[in-house]
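Participant:
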Amino acid sequence: MSESTIGGSYEECRTTADWLLKHTQVRPIVGIVCGSGLSALADMLKDPQVFKYCDIPNFPRSTVRGHAGQLVFGTLKGKSCVCMQGRFHLYEGHPIQKITLPMRVFKLLGVKTMLMTNAAGGLNQDYKVGDFMVIKDHINMPGFAGVNPLSGPNDDRFGVRFPCMSDAYDRELRQLAHDVAGELGFSDFLKEGVYCVLGGPSFETIAECRMLHRLGGDAVGMSTVHEVIVARHAGMRCFAMSLISNRAVMDYDSRERANHDEVLETGNQRAKQMEVLVSTMVARLDDNENNDKNNS
Ligand SMILES: O=P(O)(O)O[C@H]1O[C@H](CO)[C@@H](O)[C@H]1O
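Residue numbers for the sequence shown, in UniProt numbering: 1 to 296.
1) DSSP state of Y10, grouped into three classes?
2) Would you list, in sequence order, the uninterrupted alpha helix (DSSP H) runs of no fewer than 4 residues that lie entirely inside the segment 179 to 223?
3) Return the residue from the list Q175, S166, F158 that minimises the CA-CA distance to I139.
4) Check whether the segment 179 to 190 and the segment 93 to 110 touch, using three or more Cβ-Cβ pairs below 8 Å as the test.
5) Can you name the residues that DSSP bridges to C81?
6) Express the C-alpha separation of N259 and L109 in angstroms, rounding to a whole number.
7) Round the Cβ separation of V111 and V30 to the nearest angstrom and send it over; I've been treating them as touching at under 8 Å.
8) Please report the distance separating the alpha-carbon of C13 from that of G159.
9) Less than 7 Å between C-beta atoms, sequence neighbours within five positions excluded: which residues of the same chain meet that for M250?
10) Let me confirm a value: P102 is counted as buried when at least 16 other C-beta atoms fall within 10 Å, else exposed. Which label applies?
11) Rounded to whole angstroms, how far is the Cβ of G86 from the Cβ of C164, which I believe are closer than 8 Å?
12) Between which two residues does the alpha helix (DSSP H) carrying Q49 extend?
13) Tell whether a beta-carbon distance below 8 Å holds between V194 and D137.
14) Run the proximity test for N118: is its beta-carbon closer than 7 Å to any non-hydrogen atom belonging to ligand 3?
15) Would you check if the segment 119 to 136 and the segment 217 to 232 touch, i.e. whether three or more CB-CB distances between them fall below 8 Å?
Written out as structure tokens, the structure reads:
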């Protein structure tokens, strides 16, 4: 299969970006991705302009409950934003380059900063359901098996062949999250940790959760990392935060069972606080610091 049939080629992304630029006046500098059950974040955008994924050239379809499947343009706290109300996952059957195509499209639209949210299982025993975890680093399990969105020919128009990932999660944005959480009285439930991505869709076994925890994972999920890799490759700065929607089961005596209903339910319960935290962060983004952090 050639790269253009897999997805994410420069030409394909350019076509999508040009189509969007023709259909909206909004010129976003901030991109937001809503995780499972966290779609309400997009409803905060003022003067929203909504495009269903099925109407956008080259966009895959969203198939997961809790992911509305539309792109929302608008203004959040005075900043022009584009928000994915629903993301794509490996387990939906899309090629990994298709899952991450929106990041490249956002880059071509002029986005400088990406804020991603997700729902994740808590591996860290100190975490409670409902906690927020600022992602400080990731473990890319599919990447160990060669499943990386940057596999294939590199296009220098997006970024370098071998992008650094040791600064994937922007230090200043992480600090901003802690500062804002302090002001909002959220510090008690704002943690910081390592997100471990798996392919899904089956939830992890007990042995897998134990292993991931020993490897240094604080939370486990099935998304975000691929988006971050492509966004960083293209020089956008990234912030990502997990809602701990359930506890990863690590004890053979436990009666707990991971399930998507609990994930969505926790999202519902915490959506408002997530919205306030993310929108206050957006308000504080310094336009001067919103420059390309190119990794070339
Ligand atoms: O990561 P998000 O998109 O929030 O979704 C999470 O929730 C789903 C499992 O309930 C999986 O898709 C997992 O990755």
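Cβ coordinates follow ideal geometry from the N, Cα and C atoms, glycine included.
Facilitator: To lay it out plainly:
1) Residue numbering aside, residue 10 sits at position 10 when the sequence shown is read from its first letter. The answer is helix: DSSP assigns Y10 an H, G or I state.
2) Every unbroken stretch of the alpha helix (DSSP H) spanning 4 or more residues and falling wholly within the segment 179 to 223 is given here in chain order: 206 to 215.
3) Here residue 139 refers to the residue found at position 139 when the sequence shown is read from its first residue. Each of Q175, S166, F158 was checked against the Cα of I139, and the nearest Cα belongs to S166.
4) Of all C-beta pairs linking the segment 179 to 190 to the segment 93 to 110, fewer than three are shorter than 8 Å, placing the two stretches out of contact.
5) In the sequence shown, the residue the question calls residue 81 occupies position 81. Beta-bridge partners of C81 (DSSP): V30, G74.
6) On the sequence shown, position 109 is the one that residue 109 refers to. On the sequence shown, position 259 is the one that residue 259 refers to. Cα to Cα, L109 sits roughly 36 Å from N259.
7) Translated into the one-based positions of the sequence shown, residue 111 becomes position 111. Translated into the one-based positions of the sequence shown, residue 30 becomes position 30. V111 to V30, Cβ: 7 Å. Contact.
8) Counting from 1 along the sequence shown, the entry for residue 13 is found at position 13. Counting from 1 along the sequence shown, the entry for residue 159 is found at position 159. Annotation: C13 to G159 spans about 14 Å, alpha carbon to alpha carbon.
9) Stepping through the sequence shown from its first residue, residue 250 is reached at position 250. Cβ within range, chain order: I206, C209, R210, H213.
10) By 1-based counting over the sequence shown, the position of residue 102 is 102. By the 10 Å Cβ count, P102 comes out buried.
11) Sequence index remark: in the sequence shown, residue 86 carries index 86 (1-based). Sequence index remark: in the sequence shown, residue 164 carries index 164 (1-based). Not quite, the Cβ-Cβ distance comes to about 30 Å (not below 8 Å), so this is no contact.
12) Taking the first residue of the sequence shown as 1, we reach residue 49 at position 49. Taken as a continuous stretch (DSSP letters only), Q49 belongs to no alpha helix (DSSP H), being part of the beta strand (DSSP E) at 46 to 52.
13) The residue you call residue 194 lines up with position 194 of the sequence shown. The residue you call residue 137 lines up with position 137 of the sequence shown. Contact: yes.
14) The ligand content of the structure shown is limited to ligand 1, which means ligand 3 is not among them.
15) Because the criterion of three Cβ pairs below 8 Å is met, the segment 217 to 232 and the segment 119 to 136 touch.
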